[in-house]
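**Q**
Below you can see the structure in the form of structure tokens.
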């Protein structure tokens with residue numbers, strides 16, 4: 058297997074790579090001449106199919122893609138990951154719960170989110186009231202859809218696209234949540250299914266994510282796996298809200 062990240066190394070970030078067809082791959086992680094491109098979720102629709110279907114026009118071999126999403130919009134995203142987004146120049150996404158922003162002490166404020174977005178973070182929806190499977194069980198589809206739409210409206214009011222939903226927990230396995238998502242969002246990202254996405258099998262409203270533990274060992278192992286396959290879109294689910302999560306988990 059290819060060692061994408063050495064046990065004692067840090068990520069080495071390349072300049073943005075302008076491809077022949079004009080697609081901007083945001084940044085790349087390089088180790089021993091093996092490359093994994095780190096992209097924002099919104100870059101998927103342009104970059105990923107192009108890599109898989111037009112390889113000859115772009116590179117001699119495809120490069121796998123990695124997207125990192127931190128759930129819940131905790132302040133630790135701002136304190137731990139915001140500096141890394143700046144220093145490492147990689148896009149890391151935060152999926153926020155609308156009802157908590159600028160309300161709960163543990164959640165980021167809208168001003169902090171703006172700072173993160175300006176640094177390169179992608180702001181995603183994690184529903185307005187964190188509708189998990191347990192909560193959704195007691196709700197009708199129209200109530201779920203109303204919550205999703207409220208969240209999207211708030212995000213757009215603050216200047217964010219708001220077209221991508223990160224499902225809370227196992228709600229992505231509930232038909233009424235998926236159907237509600239289809240009415241409001243352009244795609245839906247699942248919780249930790251521990252699967253990598255491939256162009257022939259990807260489900261637009263069921264994009265798979267890996268549940269990544271707050272340890273450098275787990276992260277390096279997954280990167281090695283992704284680099285060794287040479288293809289696929291791996292999406293990580295991390296939680297800075299985890300009391301064990303420290304900034305050195307991702308440096």
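Numbering (the numbering used here), first residue to last: 58 to 308. Using N, Cα and C, we set each Cβ at its ideal position, and we do this for glycine too.
Return the chain-ordered ranges of every alpha helix (DSSP H) run that is complete within the segment 227 to 281 and spans a minimum of 4 residues.
**A** As far as the segment 227 to 281 is concerned, its whole alpha helix (DSSP H) runs of at least 4 residues are 232 to 241.
**Q** Using the Cα positions of residue 210 and residue 219, report the straight-line distance between them to the nearest angstrom.
**A** Computed Cα separation, rounded: 8 Å.
**Q** Rounded to the nearest angstrom, what separates residue 143 and residue 240 at their Cα positions?
**A** The straight-line gap from Cα to Cα measures roughly 35 Å.
**Q** Taking the alpha-carbon positions, what's the residue 181 to residue 153 distance?
**A** If I take the Cα positions, the gap works out to 6 Å.
**Q** Out of curiosity, what's the CA-to-CA distance linking residue 297 and residue 225?
**A** So the two alpha carbons sit approximately 15 Å from each other.
**Q** Count the CB pairs spanning the segment 229 to 244 and the segment 266 to 283 that are closer than 8 Å, and state whether there are at least three.
**A** These segments do not touch.
**Q** Would residue 294 be called buried (16 or more neighbouring beta carbons within 10 Å of its own) or exposed?
**A** The residue is buried, with at least 16 neighbouring Cβ atoms inside 10 Å.
**Q** Roughly how many angstroms separate the alpha carbons of residue 229 and residue 291, rounded to a whole number?
**A** Spanning the two alpha carbons is a distance of roughly 18 Å.
**Q** Whose C-alpha, out of 95, 123, 96 and 151, is nearest the C-alpha of residue 253?
**A** Comparing Cα positions, the closest option is 123.
**Q** Taking residue 127 and residue 138 to be in contact with their CB atoms under 8 Å, please state how far apart those CB atoms are, rounded to whole angstroms.
**A** With a Cβ gap of about 6 Å, residue 127 and residue 138 count as contacting.
**Q** Tell me the residue span of the beta strand (DSSP E) that contains residue 124.
**A** Looking at the DSSP string, the run of the beta strand (DSSP E) that includes residue 124 is 122 to 129.
**Q** Note down the Cα distance separating residue 205 from residue 216, rounded to an integer number of angstroms.
**A** Taking the straight line joining both Cα atoms gives about 17 Å.
**Q** To the nearest angstrom, how far is the alpha carbon of residue 170 from that of residue 161?
**A** Spanning the two alpha carbons is a distance of roughly 14 Å.
**Q** Buried or exposed for residue 140, going by 16 or more other Cβ atoms inside 10 Å?
**A** Per the 10 Å Cβ criterion, exposed.
**Q** Could you name the residues that DSSP lists as bridge partners for residue 151?
**A** For residue 151, which the question treats as bridged, DSSP gives the partners 127 and 180.
**Q** Locate the alpha helix (DSSP H) running through residue 192, then write down its first and last residues.
**A** From DSSP, the alpha helix (DSSP H) with residue 192 extends over 190 to 193.
**Q** Could you check whether residue 125 and residue 150 sit closer than 8 Å to each other, using their CB atoms as the reference points?
**A** Going by C-beta atoms, residue 150 is nearer than 8 Å to residue 125.
**Q** Do the CB positions of residue 201 and residue 234 come within less than 8 Å of each other?
**A** Yes, they are a contact pair.
**Q** Apart from the five residues just before and just after residue 130, which ones in its own chain have a Cβ nearer than 8 Å to its Cβ?
**A** If we look at residue 130 and ignore the five residues flanking it on each side, its Cβ neighbours are 151, 152, 153, 154, 157, 158, 164, 165, 170 and 183.
**Q** Hey, how far is the Cα of residue 284 from the Cα of residue 121?
**A** Distance between the alpha carbons of residue 284 and residue 121: 7 Å.
**Q** Short of 8 Å in beta carbon distance, which residues of its chain neighbour residue 79, apart from the five on each side in sequence? Order them along the chain.
**A** Only weak support exists for where residue 79 lies, its pLDDT of 29 falling under 50; the coordinates are left without a value.
**Q** How far does the beta strand (DSSP E) with residue 214 in it extend, from its first residue to its last?
**A** Premise fails: residue 214 lies in the alpha helix (DSSP H), 198 to 214, not in any beta strand (DSSP E).
**Q** Using the three-state DSSP reduction, which class does residue 164 fall into: helix, strand or coil?
**A** Note: residue 164 maps to strand in three-state DSSP.
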